[in-house]
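Okay, structure first, notes after.
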């Protein structure tokens, strides 16, 4: 029994290692894009995360078992991940499955990462205040996500379900939130484009204060 358990753990560790290494190989050329491109989609007045805050982000993700996403961010260190932003983080399984999906490989990895960072810092409670159809801009120019369903247990953006809300509690002081989602967002989805008849989120909604 102990041998079987040890073998299972080794297999899981090996699979995770292969996912991370495969992702790094596919993303390596994209790192150059992060280092040399200016991104016009960064919201005005946004400040880059300090090294300390960035390390806290990676730790929070690892503590919640989002190992692959944490490793990718640590490798790329995207400069457009700023204060007052929301990171939509797919699970390790979702990233692994996407690597085998040619539909996700048609878009540059720099754009994919940008697309998963919203240019507003919204915790889950604030997200729940938004009506279905609200469009939230991402760091990818001209792209964003729509609220496609609401409810604590069924909340989704572009049909990606939030399965672990508020993964980064230690970054609330810089208004950075992380929402764990069950799939990679589809960059080519019609939901990603600015809708003709929004609501488009302009400012984060206020969280209702408790009654005295």
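In our numbering, the protein residues as written are 10 to 221.
Note that the Cβ used here is the ideal one computed from N, Cα and C, for glycine as well.
Cβ contact annotation for residue 133 (same chain, cutoff 6 Å, sequence separation greater than five): 174 and 175, in chain order. Using a Cβ distance threshold of 8 Å, residue 91 and residue 127 do not count as a contacting pair. In terms of CA proximity to residue 135, 186 leads the group 186, 205 and 153. Excluding sequence positions up to five before and after residue 69, its CB lies within less than 8 Å of the CB of 176, 177, 178, 179, 180 and 187, all in the same chain and listed in chain order. Take residue 146, set aside five residues on each side of it, and the residues of its chain with a beta-carbon closer than 6 Å to its own are 128 and 153, in chain order. Between residue 161 and residue 172, the alpha-carbon positions lie close to 9 Å from each other.
The C-beta of residue 158 has fewer than 16 other C-beta atoms within 10 Å across all chains shown, which makes the residue exposed.
Around residue 204, the same chain offers 144 as residues with beta carbons nearer than 6 Å, after the five sequence neighbours per side are excluded. For residue 122, the enclosing alpha helix (DSSP H) has its first and last residue at 118-124.
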